[in-house]
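Worksheet: the structure to be examined is printed underneath.
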Amino acid sequence: MIVISVLGLDQFVVGTYSRKNTENLASLFECDEEEIGFYSPNSMIFHKGVEQTSWQTEIIVRAPKKYAVLESKVVDYLIKTFTDFTINLSVTFSYFEEEHHYEHVNESYPRFIERSNLAEEAM
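Numbered according to numbering that gives the first Met the number 0, the sequence shown spans residues 0 to 122.
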(Lines of atoms letter the chains of each structure in order from A and count residues from 1; the text may use other names and numbers.)
(Lines give C-alpha, C1' and ligand atoms only; values in the text may rest on other atoms or scores of the structure.)
Protein backbone atom coordinates (compact mmCIF):
# COMPACT_ATOMS: atom_id res chain seq x y z
CA MET A 1 0.00 0.00 0.00
CA ILE A 2 1.09 3.56 -0.74
CA VAL A 3 0.46 5.93 2.17
CA ILE A 4 0.69 9.68 1.67
CA SER A 5 1.16 11.44 5.02
CA VAL A 6 0.34 15.13 5.13
CA LEU A 7 1.62 17.20 8.06
CA GLY A 8 0.71 20.83 8.61
CA LEU A 9 -2.66 20.91 6.81
CA ASP A 10 -6.18 20.67 8.20
CA GLN A 11 -7.44 17.06 8.19
CA PHE A 12 -10.63 17.97 6.33
CA VAL A 13 -8.63 19.64 3.56
CA VAL A 14 -6.64 16.41 3.18
CA GLY A 15 -9.87 14.39 3.16
CA THR A 16 -11.25 16.50 0.34
CA TYR A 17 -7.92 16.32 -1.50
CA SER A 18 -7.96 12.52 -1.16
CA ARG A 19 -11.47 12.27 -2.61
CA LYS A 20 -10.60 14.44 -5.60
CA ASN A 21 -7.09 13.14 -6.36
CA THR A 22 -6.87 9.43 -5.52
CA GLU A 23 -7.89 8.37 -9.03
CA ASN A 24 -5.21 10.56 -10.66
CA LEU A 25 -2.54 9.43 -8.20
CA ALA A 26 -3.38 5.78 -8.84
CA SER A 27 -2.97 6.45 -12.54
CA LEU A 28 0.44 8.07 -11.97
CA PHE A 29 1.55 5.20 -9.72
CA GLU A 30 0.12 2.73 -12.25
CA CYS A 31 -1.77 0.92 -9.48
CA ASP A 32 -5.29 0.26 -8.27
CA GLU A 33 -7.03 3.06 -6.34
CA GLU A 34 -7.31 0.67 -3.36
CA GLU A 35 -3.52 0.80 -3.05
CA ILE A 36 -3.53 4.53 -2.16
CA GLY A 37 -4.27 5.83 1.33
CA PHE A 38 -3.77 9.14 3.12
CA TYR A 39 -2.70 9.80 6.69
CA SER A 40 -3.46 13.21 8.12
CA PRO A 41 -2.93 13.50 11.86
CA ASN A 42 -4.17 16.47 13.80
CA SER A 43 -0.78 18.11 13.43
CA MET A 44 0.86 21.49 13.34
CA ILE A 45 4.29 22.52 12.16
CA PHE A 46 6.03 25.16 14.28
CA HIS A 47 8.94 27.45 13.51
CA LYS A 48 10.43 29.47 16.38
CA GLY A 49 7.25 28.90 18.37
CA VAL A 50 4.91 30.14 15.63
CA GLU A 51 2.32 27.72 14.24
CA GLN A 52 2.66 27.27 10.45
CA THR A 53 -0.56 25.42 9.44
CA SER A 54 -1.24 25.89 5.71
CA TRP A 55 1.96 27.95 5.44
CA GLN A 56 4.44 25.06 5.66
CA THR A 57 3.35 21.55 4.70
CA GLU A 58 5.38 18.33 4.80
CA ILE A 59 4.29 15.38 2.65
CA ILE A 60 5.83 11.95 3.16
CA VAL A 61 5.09 9.25 0.59
CA ARG A 62 5.70 5.67 1.82
CA ALA A 63 5.61 3.18 -1.00
CA PRO A 64 7.07 -0.11 -2.17
CA LYS A 65 10.46 0.39 -3.82
CA LYS A 66 9.12 -0.62 -7.26
CA TYR A 67 7.35 2.77 -7.46
CA ALA A 68 10.59 4.78 -7.25
CA VAL A 69 10.81 4.95 -11.07
CA LEU A 70 7.55 6.97 -11.08
CA GLU A 71 8.68 9.46 -8.41
CA SER A 72 9.26 12.47 -10.69
CA LYS A 73 5.74 12.31 -12.18
CA VAL A 74 4.17 11.89 -8.75
CA VAL A 75 6.11 14.71 -7.08
CA ASP A 76 5.25 17.10 -9.92
CA TYR A 77 1.57 16.24 -9.47
CA LEU A 78 1.68 16.59 -5.68
CA ILE A 79 3.39 19.98 -5.85
CA LYS A 80 1.00 21.23 -8.53
CA THR A 81 -2.15 20.12 -6.70
CA PHE A 82 -1.17 20.88 -3.09
CA THR A 83 -0.13 24.48 -3.80
CA ASP A 84 -3.86 25.33 -3.83
CA PHE A 85 -3.82 24.62 -0.06
CA THR A 86 -0.38 25.64 1.19
CA ILE A 87 2.27 28.31 0.63
CA ASN A 88 5.41 26.19 1.13
CA LEU A 89 5.67 22.47 0.57
CA SER A 90 8.24 19.74 0.86
CA VAL A 91 7.81 16.16 -0.35
CA THR A 92 9.89 13.20 0.82
CA PHE A 93 9.67 9.67 -0.57
CA SER A 94 10.38 6.71 1.68
CA TYR A 95 10.54 3.30 0.04
CA PHE A 96 10.38 -0.20 1.49
CA GLU A 97 10.92 -3.69 0.16
CA GLU A 98 7.59 -5.41 -0.43
CA GLU A 99 8.72 -8.59 1.28
CA HIS A 100 8.75 -6.62 4.55
CA HIS A 101 5.15 -5.42 4.19
CA TYR A 102 2.25 -7.45 5.59
CA GLU A 103 -1.47 -6.83 5.59
CA HIS A 104 -4.72 -8.61 6.31
CA VAL A 105 -7.91 -7.78 4.42
CA ASN A 106 -11.10 -9.20 5.93
CA GLU A 107 -13.02 -10.56 2.94
CA SER A 108 -16.31 -10.39 4.91
CA TYR A 109 -16.34 -6.59 4.57
CA PRO A 110 -15.60 -4.00 1.90
CA ARG A 111 -11.89 -3.05 1.88
CA PHE A 112 -12.72 0.61 2.58
CA ILE A 113 -15.68 2.55 3.91
CA GLU A 114 -16.99 4.65 1.03
CA ARG A 115 -19.79 7.15 0.67
CA SER A 116 -21.91 4.44 -0.95
CA ASN A 117 -21.72 2.17 2.11
CA LEU A 118 -22.04 4.77 4.88
CA ALA A 119 -25.09 4.57 7.10
CA GLU A 120 -26.77 7.95 7.29
CA GLU A 121 -28.82 9.04 10.24
CA ALA A 122 -32.43 9.96 9.43
CA MET A 123 -33.37 13.50 10.37
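Beta carbons: idealized from backbone N, C-alpha and C, even for Gly.
Based on the DSSP secondary-structure assignment, which residues constitute the bridge partners of residue i?
i: Val74; result: Val74 is not bridged to any residue.
Are residue i and residue j close, meaning C-beta to C-beta below 7 angstroms?
i: Ile59; j: Ser4; result: yes
i: Leu6; j: Ser42; result: yes
i: Phe84; j: Leu8; result: yes
i: Ile44; j: Ile1; result: no
i: Tyr94; j: Lys64; result: yes
i: Phe37; j: Ser53; result: no
i: Glu32; j: Thr21; result: yes
i: Val13; j: Ser39; result: yes
Under a three-way DSSP split, which group does residue i fall into?
i: Val12; result: helix
i: Ser4; result: strand
i: Ser107; result: coil
i: Glu102; result: coil
i: Glu113; result: coil
i: Glu96; result: coil
Less than 8 angstroms between the CB atoms is what I'm expecting for residue i and residue j, so what's the real figure, rounded?
i: Phe81; j: Thr56; result: 7 angstroms
i: Asn23; j: Tyr66; result: No, Asn23 and Tyr66 are not in contact; Cβ-Cβ is about 15 angstroms, not under 8 angstroms.
i: Leu69; j: Glu96; result: Actually they do not touch by this definition, with Cβ atoms about 17 angstroms apart.
Continuous alpha helix (DSSP H) assignments of at least 4 residues falling wholly in the segment 17 to 94: 70 to 81
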